[in-house]
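Asker: Once you've had a glance at the structure underneath, I'll fire off some questions.
In the numbering used here, the protein residues as written are 1094 to 1335.
Next comes the structure, spelled out in structure tokens:
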């Protein structure tokens, strides 16, 4: 399918809006509505002379829509991940993403650049896909078990959390599910000799002495049918019983 003429705008670098700006509203927002909506997605595709090759490789750009007193205020900031900071410091892509390899350092020898290009094992922390809410905490997420906590009011980047420290896995979905008690569920994969699909539960910190992702536990698993051909999944379904 052909892309529309203005599709190139999807790959433009966006500008941060640090101070909330009141937006024009067509229609009427109920005066009783008081809520914050955040959205995650790629916002920077070109760094120096380098550019990302896949839309979801772009650096995470967090947008906030705040509704109160019949008005809506908008603000947006880039997630200050290590990928963001190192890429901008080097003015090139130094940490690769799903569809984009890192660009070799031009100051290194040809052999070293070639080796790093093929065998780089650095994993990105560019949490560009979604959010997970755990109690009153909000984390930016991607399909790796590394999440980044954000301040919902200022969009400032807080600490980074690695779920694999509590449940060993190599990847997971960015689309969690919640039960009526506020507990969080997800599915991940652990690769290796005894590969498994892993089901996890993170208890609502309001119900467990304030701890958050440290309370993530493995609640079930399914072995891979083949360690050589694990299944990819983007999301999953959940009901009260299944």
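Backbone N, C-alpha and C fix where the C-beta goes; we use that ideal spot for every residue, glycine too.
If we call anything under 7 Å between Cβ atoms a contact, is residue 1132 one with residue 1156?
Answerer: Locating residue 1132 in the chain shown gives position 39, counting from the first residue. Locating residue 1156 in the chain shown gives position 63, counting from the first residue. Yes, Cβ-Cβ distance for residue 1132 and residue 1156 is below 7 Å.
Asker: Who are the Cβ neighbours of residue 1328 in its own chain at under 7 Å, not counting the five residues just before and after it?
Answerer: In the chain shown, the residue the question calls residue 1328 occupies position 235. Same-chain partners within the cutoff: 1266, 1268.
Asker: Span of the alpha helix (DSSP H) holding residue 1180?
Answerer: Start at 1 with the first residue of the chain shown, and residue 1180 comes out as number 87. From DSSP, the alpha helix (DSSP H) with residue 1180 extends over 1175-1183.
Asker: Please identify the residue among 1195, 1262, 1168, 1221 whose C-alpha is closest to the C-alpha of residue 1142.
Answerer: Your numbering for residue 1142 matches position 49 in the chain shown. The residue with the shortest Cα to Cα distance from residue 1142 is 1195.
Asker: If you draw a straight line from the alpha carbon of residue 1178 to that of residue 1325, how long is it in whole angstroms?
Answerer: Position 85 of the chain shown, counting from 1, holds the residue named residue 1178. Position 232 of the chain shown, counting from 1, holds the residue named residue 1325. Roughly 30 Å separates the two Cα atoms.
Asker: What are the residues that DSSP puts in a beta bridge with residue 1153?
Answerer: In the chain shown, the residue the question calls residue 1153 occupies position 60. According to DSSP, which records beta bridges pairwise, residue 1153 is partnered with 1135.
Asker: Any idea what DSSP makes of residue 1328, helix, strand or coil?
Answerer: Residue 1328 sits at position 235 when you count from the first residue of the chain shown. Correct three-state label for residue 1328: coil.
Asker: Going straight from the alpha carbon of residue 1138 to that of residue 1271, what length do you get?
Answerer: Taking the chain shown and counting its residues from 1, the one referred to as residue 1138 is at position 45. Taking the chain shown and counting its residues from 1, the one referred to as residue 1271 is at position 178. Each residue's Cα considered, the two are about 33 Å apart.
Asker: Exposed or buried, which one is residue 1190 when buried takes at least 16 other CB atoms within 10 Å?
Answerer: Counting from one through the chain shown, the residue named residue 1190 turns up at place 97. Flag for residue 1190 reads buried.
Asker: Helix, strand or coil, according to DSSP, for residue 1186 in the structure here?
Answerer: The sequence position of residue 1186 within the chain shown is 93, counting from 1. In the structure shown, residue 1186 sits in coil (DSSP, three-state: anything other than H, G, I, E or B).
Asker: In chain order, what residues of the same chain have a beta carbon less than 6 Å from the beta carbon of residue 1217, not counting five sequence neighbours either side?
Answerer: What you label residue 1217 is simply residue 124 of the chain shown in a count that begins at 1. Within the same chain, residue 1217 has close Cβ partners 1176, 1188, 1190.
Asker: Quick check on residue 1111: buried or exposed, where buried means 16 or more other Cβ atoms within 10 Å of its Cβ?
Answerer: For this step, residue 1111 is matched to residue 18 along the chain shown. Exposed.
Asker: On a CA-only basis, which of 1259, 1238, 1292, 1232 is nearest residue 1250? Give me that one, please.
Answerer: Here residue 1250 corresponds to residue number 157 of the chain shown, with the count starting at 1. Checking every option, the nearest Cα to that of residue 1250 belongs to 1232.
Asker: Please report the residue range of the beta strand (DSSP E) in which residue 1110 lies.
Answerer: If you number the chain shown from 1, residue 1110 lands on position 17. For residue 1110, the enclosing beta strand (DSSP E) covers residues 1110-1115.
Asker: Considering only DSSP beta bridges, list what residue 1144 is partnered with.
Answerer: Your numbering for residue 1144 matches position 51 in the chain shown. Residue 1144 is bridged to 1139.
Asker: So, residue 1309 versus residue 1295, is the Cβ gap smaller than 7 Å?
Answerer: Taking the first residue of the chain shown as position 1, residue 1309 is located at position 216. Taking the first residue of the chain shown as position 1, residue 1295 is located at position 202. Yes, they are a contact pair.
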